[in-house]
Each structure stands twice: as structure tokens, then as C-alpha cells.
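**Student:** Input: one structure, supplied below.
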Amino acid sequence: MVDQLLSFNTLIMRILIIFVFTLCAFSVGAAIKQVSAPGELKGIKLQAGDTLILRNGVYSDVQMVFNAKGSKEQPIVITAEEAGKVTIEGKSNLRVAGEYVEVHNLWFRNGASPKGAVIEYRLGNTRANNCRITGCSIDYFNPETRDMGYNWVLVYGRNNRFDHNNIVGKLNIEVTLAVILSEEIDRQNFHRIDHNYFGVRPVFGSNGAETIRVGTSQQAHTSSNTIIENNFFERCNGEVEVVSIKSADNIIRANTFYECQGVLALRHGNRNLVEHNLFIGNNVQNTGGVRVVNEGHIIRNNVFYKLAGDRFFAALGIMNAVPNSLPNRYHWVKDVSISRNTFVDCPNILLCVGKDNERTQTPSNVSVSDNIFVNKSSAKIYEAFDKIDGFIFTNNSVATSTGKFTQKGFTEAKFQAQNIFGISIPTAKNQGAEPFDYTQKSSTGSAWMSKEEVKKNAAEAKTISASAGQNTLLDALEKAKNGDVIELTSNGNYFIDKSLQVDKNITIRASASLNEKPTISYVGTQRGPLVSIANGGSLTVSGICFSGEMTPGKAAPVAAIATADGMITPYVLRVSSCEFYGFFESNFAAIRGMKNTFADSVVITNSLFRNMSAECISFAAEKDDVGKYSVELLRVDRCTFFRTLGSAVNLYRGGNDESTAGPDCRISRCVFEDVNNREQGSVLRLIGTQVADVSNCIFSNSGRGGASIRFDEMSWDKISVSSCDLWNSGRVQSFWGKVAKGGMVNLNPQFKDIENYDFTPKNITVKGLLK
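FYI, the working numbering numbers position 547 of the sequence shown as 547, with every residue one higher than the one before it.
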């Protein structure tokens with residue numbers, strides 16, 4: 001009875017909607033039109049005042065084009081019959097052009113644009129002016145691989161609005177939403193981007209993953225007059241610039257940035273206004289605030305809370321400039337006002353940041369006044385990397401852990417507290433800070449769609465047993481669902497004649513009852529890895545041997561664990577207590593990330609890599625030297641590498657782009673014996689890693705023709721090598737020569753039992769080594 005009543009109420013609501021639209025149409029002479037399938041959209045004509053209703057359903061493989069002229073009094077409206085009940089799927093996109101055209105409540109999901117942006121305010125050379133897209137959702141609308149780049153939203157023309165939309169889960173390269181200023185008809189546009197929810201965008205590992213960009217470096221001195229206000233950005237982590245302003249005379253106000261690993265960057269252009277924004281970091285790594293380049297900006301009445309980012313990810317970064325800068329470099333910071341802002345527990349407020357041999361011009365006439373600084377963990381308020389003669393500090397209030405910050409322009413003070421999102425934020429009426437309502441998540445996005453993460457009631461993980469034999473593992477994997485465990489229950493060989501394709505979160509482990517590690521061996525005729533991580537997959541393996549030895553008459557596996565050739569989804573790999581051997585071609589690898597793939601984290605512990613010509617751990621497929629890399633966090637701990645021709649670890653990030661904070665590599669408590677003694681070879685090849693720590697490791701008879709560790713670091717990278725033994729091994733090679741931090745020794749370790757792979761050193765008692 002209840003279901004019947006609900007169905008009756010829904011029917012009444014639909015009748016009322018159609019009745020209202022029809023009544024309006026009769027009153028102004030406009031038409032109500034309805035379509036039920038993609039084919040019905042072709043050739044449809046719309047005039048001022050018309051309403052086009054898309055009946056509930058799925059519209060697949062449809063390129064929607066609405067090029068028409070409405071008026072301010074009689075806009076053309078394209079709308080879903082019911083919000084959330086019209087989905088645009090498959091190879092689909094939307095083009096809006098003309099005047100006063102509005103699109104409401106469409107849901108893009110389960111697909112990708114076949115060409116160009118998902119939504120574009122343009123058709124060919126015809127711009128959209130005074131048009132609006134509202135109440136829509138673009139939901140993980142991605143291509144198959146991350147290198148297939150396109151924007152989700154491109155805004156051309158003038159006086160357009162993009163509001164109350166949900167934008168979640170962009171995984172491919174290119175900006176999520178870009179305002180284009182390529183021609184005069186796109187400039188001084190007065191677009192409004194407001195009340196949108198920009199949801200999670202994972203770390204991309206490359207430049208070109210901004211959430212919003214306005215203009216480009218070539219339009220730095222062009223006025224855009226775009227307003228970005230009342231939006232909620234949640235964990236938009238693609239790259240350092242969450243919002244990238246590359247034009248002049250824009251307003252960015254009343255937005256909330258929640259745990260975003262990046263900043264609002266005033267990258268190019270002058271006279272931009274940044275006010276009433278809230279930046280909440282909650283001490284999450286790389287969370288940042290505002291970075292300032294160019295002149296004439298006003299930054300006022302913003303709140304910065306527990307932002308942990310450093311350098312270009314800082315809570316506030318005022319840049320040094322390149323004298324006579326080229327358009328795409330760093331122009332002089334001058335005539336900037338920073339006032340009435342509140343900084344709470346932000347350890348990195350950086351002045352003259354970026355100083356190097358190129359960026360030598362210090363800021364000029366930067367007014368820092370009436371700000372509040374609260375830092376409970378330190379007495380430091382800011383750090384300067386160059387002369388700060390061009391800064392004028394006036395009437396700033398300070399509360400530190402010591403209360404001893406006495407520099408001119410800063411006065412110790414106590415503050416009242418204002419509750420914002422359950423956070424106690426200091427306020428001071430006499431500072432002139434203007435109270436306002438911060439944008440909350442609930443007031444943004446399409447009202448019909450939840451902005452909370454969907455908590456799926458996943459079935460309880462099952463354990464699927466597999467015994468030794470041919471393709472028993474393939475059979476078990478075919479039965480496995482997301483989160484399941486495949487347990488190897490017998491000793492011996494697990495033969496497979498094709499790669500194990502992991503496209504879900506799977507654990508493969510040896511039974512705890514076994515007295516030796518079971519072995520996965522390949523008997524296929526086509527070359528491939530033993531295990532391939534594909535889109536949607538993550539893998540945990542434990543207690544297993546991976547053999548690369550070729551079976552007579554069969555193909556040799558190219559890797560033990562590798563990714564597919566190009567993926568869209570990030571993945572996680574965990575390896576513990578495993579053994580890898582017998583990969584006898586130099587272009588093979590035991591563990592490899594392929595080009596155009598990206599791992600959130602790879603953690604390898606207590607494992608043995610031995611007797612192979614291949615590299616052991618390789619994440620070096622991105623060779624374009626544009627700052628792109630393929631793993632964010634790499635951890636190698638308590639592992640042994642013995643008698644290998646290739647490098648133990650090869651991690652590569654080429655070029656000098658500064659848009660990312662990774663990769664982050666930590667290698668500890670490992671033994672390297674007879675590893676990569678080729679001419680100019682390296683045991684650890686860590687090129688371009690921005691964070692690297694190698695500690696408590698033994699290098700014995702390794703890297704003799706080149707280096708034990710090779711870096712090629714920037715001066716600002718956080719690189720450390722400490723408490724390592726280099727016995728009869730190559731040097732530590734770095735560009736700046738400042739990576740060694742102490743505790744280095746040169747002692748013969750005399751391992752306990754090499755033949756049985758026991759690499760416990762007999763005579764090394766250096767504190768911390770292998771502990």
C-alpha cells in the first residue's frame with residue numbers, strides 16, 4: 001500500500017511539473033517538448049522560452065548539442081524529467097552555444113567523452129553567452145587510461161554561469177574546469193562559478209591536474225573578471241595548484257578548501273582578489289593555502305587552519321621572481337596587500353620562496369597588516385629565504401608557544417574563538433576581520449545527489465583455497481570478489497598458462513601451516529607477467545615465491561608483478577615475505593609499474609630478490625622528462641638483494657617541473673650483495689625523487705662500476721642517506737653532494753650463510769644498522 005501511495009505521489013509530481021511548464025509556455029507562446037531517447041535529440045529546434053524535458057532513463061553514446069537563442073526574460077531550458085533520473089552514459093558529451101540556454105540536472109556517469117571536453121560552452125566558433133549549467137553531476141566520467149587527456153568543463157564566451165554541480169573523481173590528465181581566454185570574445189567574461197562541489201581528485205603525479213584554471217601564461221595580463229565563489233573543494237589533490245589563476249582581475253571568495261593537497265595559486269596575472277576563503281588542512285601532508293606571483297593582488301579575511309604543506313604547498317608562499325621573466329616563468333611580486341587573515345598552526349608561511357639561481361628578484365611593497373598568527377607548536381611565524389626589505393609589517397597579532405615573537409609589526413595578543421565547522425578559530429574584533437558564513441558542503445553541488453562517500457555494504461571477505469597444480473590459481477581468482485583472500489594451501493608449484501589479471505582488491509597468501517614457500521611458475525606461450533594489476537585492482541601478496549625461470553617450450557614471464565599497459569585507476573601494492581628469482585633478461589623486472597600507471601603506494605617488506613639479470617623493483621617507465629612519475633609512496637624495508645645484474649630499485653622522475661611533491665621513497669634495513677656491478681650501474685637509482693631516505697642499509701660488493709646510490713636531485717629536495725655500510729661498493733652520487741647525513745661506515749659485514757640466503761652480518765655493531 002505504501003509503495004502504491006509513493007508511486008501515486010510521484011505521478012502527481014510529474015503531472016504538476018508538466019502542468020507548470022505548459023502553463024508558462026501558453027503564457028508566453030513558448031513550447032514544451034519531450035524526448036525519450038538519444039535519437040530524438042537530433043534536429044530538435046528550440047526557441048526563446050521553450051522547455052525541453054528529457055524523460056527519465058539512460059541516454060548512451062549521445063553527443064548533445066544545444067545551439068539556440070533565448071532571452072533574459074525567456075530562457076531556453078533543457079531539464080531532466082526528474083533530477084537524478086536522467087543519466088548520460090557511454091561515449092557522450094554536451095555542447096551549449098548561443099544565448100540564454102540553461103541545462104539542468106543531468107548526470108554524466110559510466111562513460112567518457114569521445115572527443116574533447118565533457119561539457120563545453122561552445123560549438124565550433126559559436127560561443128555561449130549568458131548561459132547556465134546547473135544541478136548537474138559529472139561522476140568518474142573517465143577514459144580507459146590516465147594519459148588520454150581532456151578537460152571535463154570548458155567555459156568560453158561571456159556572462160556564463162556554472163553552479164550547484166557535483167564534480168567528482170577525475171582520474172585522467174588535464175584540468176577539471178578551465179576558463180578559456182584564447183580570443184577577445186572570451187575575455188572580460190564575468191563568468192560565475194559558484195556553489196559547486198568539487199570532490200576527490202587523487203594525486204596524479206604530474207603537472208596538468210588542476211581542479212580550476214582561469215587563463216594561461218600567455219593571457220597573464222588579460223582581464224578575465226571571472227568570479228569563483230561559494231564552492232567546496234574536498235581533497236582535490238591532483239597537483240600543487242588546486243585553483244590556478246593565470247589572468248587578471250578575478251575574484252576568488254567564500255570558498256572552502258578541505259584537506260586539499262595543493263594551493264590557490266595566483267600564478268600569472270595581476271589585481272586578483274582573494275577573500276573570505278577557508279582552508280582546512282587538519283595537518284594532512286601537502287595541504288596548502290595561497291601562493292602569490294605577480295602584482296596588485298589583495299588577500300584578505302581568509303582563514304588558514306593547520307596546513308602542513310611546505311615550499312610551493314605552503315599556507316602562504318610569496319615568491320621570488322625571475323628578473324625580466326619570460327611569460328611562463330615567475331614575474332615580480334609587488335604592490336600586494338595581505339590583511340586581516342587568520343593563520344592557525346600553519347608552520348610554513350614562506351617569504352621569498354623559490355629563491356634559486358634563476359629566481360633572484362625579491363618582492364616589493366608587500367603590505368602584511370592586521371593579520372592573526374597562532375602557532376602552538378613553535379615561536380616561528382614565518383621563514384624568509386631572501387631579503388625582506390620589500391615587506392611592510394603592521395599591526396599583526398601573534399600568539400605562539402613561547403610568546404616571545406617581538407619583531408616590528410607583530411604584537412603578542414590573546415583572542416576570542418569563533419566556532420567554524422566545529423573548529424575553534426581565533427578572532428579579534430579590533431583587527432577589522434569581517435565575519436561571514438563559510439561555505440559548507442551541504443550548500444554546494446546538486447541538491448539531488450549526496451556528496452558523502454558511499455559506504456557500500458560489501459559482503460564479508462571470503463577465503464578461497466587453492467592447491468598446487470596447473471591453473472588452480474586462475475580458477476581461484478575467477479571466483480574471487482573484491483576483498484577476498486586466495487590462500488595457497490600446499491607446497492610445490494602453482495603453474496599458470498596466462499597472467500593472473502587482478503582487477504579488484506585481492507590478497508594472495510601462503511597458508512601459515514606450510515613449511516616452505518609455494519612457487520608460482522609460468523607455462524604460457526605468450527610473454528606476460530605472472531600477475532598483472534589492471535584497472536580497479538590492488539594487490540597484497542605474502543609468503544610466496546615468484547619464479548621467472550622458463551619452462552622448456554614455453555615463454556618466459558617478463559615480470560613477477562606488473563601493471564597493465566596504461567590504467568586509469570590508482571592502485572596499491574603490498575608485498576611481504578616473498579621471494580623473486582630467475583628473471584634472466586635485462587629488460588625484465590621482478591616488480592614493475594608500466595607507463596601511464598600510478599600507484600598510491602607500494603610497500604615491500606621482508607622479501608628476497610636473487611639470481612636475476614632483471615631489475616628488481618622498477619618504477620621508471622615515465623621517460624618524457626616533464627615531472628611525471630608512477631608511484632607516490634615507495635617503501636622497501638628489511639629486504640635482501642643478491643646477485644642481480646640490474647638495479648635493486650630504479651625510480652625515475654625526470655625534468656624540473658615543480659607541480660608535485662613526490663615521489664617519496666624510503667629504503668631501510670636492507671642488504672645489497674653483488675648487485676649491479678656494471679659500468680656506470682647503480683644499486684639504487686633514485687632519479688628526481690623529491691623525498692628520499694636511505695638508512696641502516698648494507699651495500700657489499702655492489703655498484704662497483706658506478707654507484708651504490710645515485711641521485712639527481714634539486715636543491716630543495718629532501719634527500720638523506722644515513723647509517724649505511726658501503727663495503728667494496730660504489731659511492732653515493734648526488735648532484736649537490738649534500739645527501740649524506742652521518743653514520744656512514746666501511747666494514748666487511750661477513751654474512752652468516754650466503755648459500756642459504758642468511759645475510760645476517762657477523763661483525764657489524766654500528767648502532768641502528770639493520771635494527
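Note that beta-carbon positions come from the ideal geometry of N, C-alpha and C, so glycine has one too.
As the structure is a prediction and not an experimental result, all values here were calculated from the model.
1) So the candidates are Ile381, Asp386 and Gly238; which of them puts its Cα closest to the Cα of Thr411?
2) Determine the closest residue to Pro851 out of Gly742, Thr569 and Ile318, with distance taken between C-alpha atoms.
3) Could I get the ranges of all uninterrupted beta strand (DSSP E) runs contained in the stretch 597-677, with 3 residues as the minimum, in chain order?
4) Here's the rule I'm using: 16 or more other beta-carbon atoms within 10 Å means buried, otherwise exposed. How should Asn728 be labelled?
5) Can you tell me whether Leu326 is buried or exposed? The criterion is at least 16 other CB atoms within 10 Å of its CB, across all chains shown.
6) Hey, how far is the Cα of Phe26 from the Cα of Ala178?
7) Do you know whose CA, among Asp637, Arg678, Ala413 and Ile423, lies nearest Arg669's CA?
8) Out of Asn110, Gly135, Gln218 and Ile185, state which residue places its alpha-carbon closest to the alpha-carbon of Lys170.
9) Ser472 lies in the beta strand (DSSP E); which residues open and close that run?
10) Taking C-alpha atoms, which residue in Ser247, Thr222 and Ser223 lies nearest to Ile212?
11) From Arg158, Asn196, Phe198 and Val200, pick the residue whose C-alpha is nearest to that of Glu183; which is it?
12) What separation, rounded to the nearest whole angstrom, lies between the Cα atoms of Val242 and Ala265?
13) Taking C-alpha atoms, which residue in Asn294, Ser630 and Phe313 lies nearest to Gln285?
14) Alpha carbon to alpha carbon, how far is Ile499 from Arg592?
15) To the nearest angstrom, how far is the alpha carbon of Val739 from that of Arg704?
16) Does DSSP put Gln34 in a helix, in a strand, or in coil?
17) Alpha carbons only, please: which of Ala480, Gly215, Thr660 and Gly208 is nearest the one belonging to Ile508?
18) Count the other CB atoms, across all protein chains shown, that sit within 10 Å of the CB of Ser339; report buried if there are 16 or more and exposed otherwise.
19) Relative to the C-alpha of Pro557, which residue among Ala589, Arg574 and Ser576 is closest?
20) Give every residue of the same chain whose Cβ lies closer than 7 Å to the Cβ of Arg55, excluding the five residues on either side of it in the sequence, and list them in chain order.
21) Are the Cβ atoms of Asn371 and Asn341 separated by less than 8 Å?
22) Identify, in the order they occur along the chain, each residue of the same chain with its Cβ nearer than 6 Å to the Cβ of Ser695, setting aside the five sequence neighbours on each side.
23) Going along the chain, which residues of its own chain have a beta-carbon closer than 6 Å to the beta-carbon of Arg329, five neighbours each way excluded?
24) Check for me: the beta strand (DSSP E) holding Ala793 runs from which residue to which?
25) Assuming Glu412 is part of the beta strand (DSSP E), what are its boundary residues?
26) Output needed for Lys306: all residues of its chain with C-beta closer than 6 Å, excluding positions within five of it in sequence on either side, in chain order.
27) At which residues does the beta strand (DSSP E) containing Met64 begin and terminate?
28) Between which two residues does the beta strand (DSSP E) holding Asn304 run?
29) Check this for me: beta carbons of His191 and Thr226, under 8 Å apart or not?
30) Can you tell me where the beta strand (DSSP E) with Ile687 in it begins and where it stops?
31) Hey, would you say the C-beta of Asn282 is under 7 Å away from at least one heavy atom of the ligand FMN?
32) Of the residues Glu174, Gln690 and Thr51, which one's Cα is nearest the Cα of Gly655?
33) Which residue comes first and which comes last in the beta strand (DSSP E) that contains Phe751?
34) Whole angstroms are fine: how far does the CA of Leu273 sit from the CA of Cys24?
35) Quick one: using the 10 Å Cβ neighbour count with 16 as the cut-off for buried, is Lys762 buried or exposed?
36) Over the uninterrupted beta strand (DSSP E) stretch that includes Val293, give me the two end residues.
**Tutor:** Here's the rundown:
1) Counted from its first residue, the sequence shown places residue 411 at position 411. With distances taken between CA atoms, Thr411 lies nearest to Ile381 out of Ile381, Asp386 and Gly238.
2) No answer is possible for residue 851: the residues shown for the chain start at 1 and end at 771.
3) Segments of the beta strand (DSSP E) lying fully in the stretch 597-677: 599-605, 608-612, 615-619, 631-637, 640-644, 649-652, 664-668 and 671-675.
4) In the sequence shown, residue 728 corresponds to position 728, counting from 1. With fewer than 16 Cβ atoms within 10 Å of its Cβ, Asn728 is classed as exposed.
5) Here residue 326 refers to the residue found at position 326 when the sequence shown is read from its first residue. Counting the other CB atoms within 10 Å of its CB gives Leu326 a total below 16, which places it among the exposed residues.
6) Here residue 26 refers to the residue found at position 26 of the sequence shown. Here residue 178 refers to the residue found at position 178 of the sequence shown. Low local confidence applies: a pLDDT of 41 at Phe26 is under 50, so the model's placement there is unreliable, with the coordinate-based value given in what follows. Answer to the nearest angstrom: the Cα atoms are 39 Å apart.
7) Translated into the one-based positions of the sequence shown, residue 669 becomes position 669. Out of Asp637, Arg678, Ala413 and Ile423, Asp637 has the C-alpha closest to the C-alpha of Arg669.
8) Working through the sequence shown from its first residue, we reach residue 170 at position 170. Nearest of Asn110, Gly135, Gln218 and Ile185 to Lys170, Cα basis: Asn110.
9) Indexing the sequence shown from 1 puts residue 472 at position 472. In the sequence as presented, Ser is not what sits at residue 472; that position holds Thr. From DSSP, Thr472 is part of no beta strand (DSSP E) but of the alpha helix (DSSP H) over Thr472 to Lys479.
10) Taking the first residue of the sequence shown as 1, we reach residue 212 at position 212. Taking the Cα of Ile212 as reference, the smallest distance to any Cα among Ser247, Thr222 and Ser223 is reached at Ser247.
11) For the purposes of this step, residue 183 is taken as the residue at position 183 of the sequence shown. The closest CA to that of Glu183, considering only Arg158, Asn196, Phe198 and Val200, is found on Arg158.
12) Numbered from its first residue, the sequence shown carries residue 242 at position 242. Numbered from its first residue, the sequence shown carries residue 265 at position 265. If you draw a straight line from the Cα of Val242 to the Cα of Ala265, it is about 8 Å long.
13) The count along the sequence shown starts at 1 and reaches residue 285 at position 285. Just measuring C-alpha positions, the residue of Asn294, Ser630 and Phe313 sitting nearest Gln285 is Phe313.
14) In the sequence shown, the residue the question calls residue 499 occupies position 499. In the sequence shown, the residue the question calls residue 592 occupies position 592. First, the amino acid is wrong: residue 499 is Ser here, not Ile. Going from the Cα of Ser499 to the Cα of Arg592 covers about 14 Å.
15) Counting from 1 along the sequence shown, the entry for residue 739 is found at position 739. Counting from 1 along the sequence shown, the entry for residue 704 is found at position 704. The C-alpha of Val739 lies about 20 Å from the C-alpha of Arg704.
16) Start at 1 with the first residue of the sequence shown, and residue 34 comes out as number 34. Assigned with DSSP and collapsed to three states, Gln34 falls in strand.
17) In the sequence shown, counting from the first residue as 1, residue 508 sits at position 508. If we check each option's Cα against that of Ile508, Ala480 comes out closest.
18) Walking along the sequence shown from the start, residue 339 turns up at place 339. Under a 10 Å Cβ-count criterion, Ser339 is classified as buried, with 16 or more other Cβ atoms of the shown protein chains found around its own Cβ.
19) Along the sequence shown, read from residue 1 onward, the residue named residue 557 stands at position 557. Taking each of Ala589, Arg574 and Ser576 in turn and checking the Cα distance to Pro557, the smallest one comes out for Ala589.
20) In the sequence shown, counting from the first residue as 1, residue 55 sits at position 55. When the five nearest sequence neighbours on each side are left out, the beta carbons in the same chain lying within less than 7 Å of the beta carbon of Arg55 are those of Gln34, Val35, Ser36 and Glu81, in order along the chain.
21) For the purposes of this step, residue 371 is taken as the residue at position 371 of the sequence shown. For the purposes of this step, residue 341 is taken as the residue at position 341 of the sequence shown. Taking the C-beta atoms as reference points, Asn341 is found nearer than 8 Å to Asn371.
22) Indexing the sequence shown from 1 puts residue 695 at position 695. Excluding residues within five positions, the ones whose Cβ falls inside 6 Å are Ser668, Ser722 and Ser723.
23) Numbered from 1 along the sequence shown, position 329 holds the residue referred to as residue 329. Same-chain partners within the cutoff: Val322.
24) Shown here, the chain extends from 1 to 771; a query on residue 793 therefore has no answer.
25) Mapped onto the sequence shown, residue 412 falls at position 412. Where Glu412 is concerned, the enclosing beta strand (DSSP E) stretches over Phe410 to Glu412.
26) For the purposes of this step, residue 306 is taken as the residue at position 306 of the sequence shown. Cβ neighbours of Lys306 within its own chain (closer than 6 Å, five residues either side excluded): Gly281, Asn282, Asn283 and Asp345.
27) As a first step, residue 64 must be located in the sequence shown, where it is residue number 64. Taken as a continuous stretch (DSSP letters only), the beta strand (DSSP E) holding Met64 covers Gln63 to Lys69.
28) Counting from 1 along the sequence shown, the entry for residue 304 is found at position 304. Asn is not the amino acid found at residue 304; the sequence shown has Phe there. Phe304 -> beta strand (DSSP E) spans Val303 to Tyr305.
29) Numbered from its first residue, the sequence shown carries residue 191 at position 191. Numbered from its first residue, the sequence shown carries residue 226 at position 226. Taking 8 Å as the Cβ cut-off, His191 and Thr226 qualify as a contacting pair.
30) Position 687 of the sequence shown, counted from the start, is the residue given in the question as residue 687. Per DSSP, Ile687 belongs to the beta strand (DSSP E) from Ser682 to Ile687.
31) Questions concerning the ligand FMN fall outside what the structure shown contains, since it holds no ligand whatsoever.
32) The residue labelled residue 655 in the question sits at position 655 within the sequence shown. Proximity to Gly655 across Glu174, Gln690 and Thr51 peaks at Gln690, based on C-alpha coordinates.
33) The residue you call residue 751 lines up with position 751 of the sequence shown. Annotation: the continuous beta strand (DSSP E) that includes Phe751 extends over Phe751 to Asp753.
34) Here residue 24 is taken as the residue at index 24 of the sequence shown, counted from 1. Here residue 273 is taken as the residue at index 273 of the sequence shown, counted from 1. Below a pLDDT of 50, predicted positions are generally treated as unreliable, and Cys24, at 44, falls in that range; the measurement from the model is reported next regardless. Straight-line Cα distance between these residues: approximately 41 Å.
35) Residue 762 sits at position 762 when you count from the first residue of the sequence shown. Counting of Cβ neighbours within 10 angstroms places Lys762 among the exposed residues, the total staying below 16.
36) Numbered from 1 along the sequence shown, position 293 holds the residue referred to as residue 293. DSSP places Val293 outside any beta strand (DSSP E), giving it a letter other than H or E.
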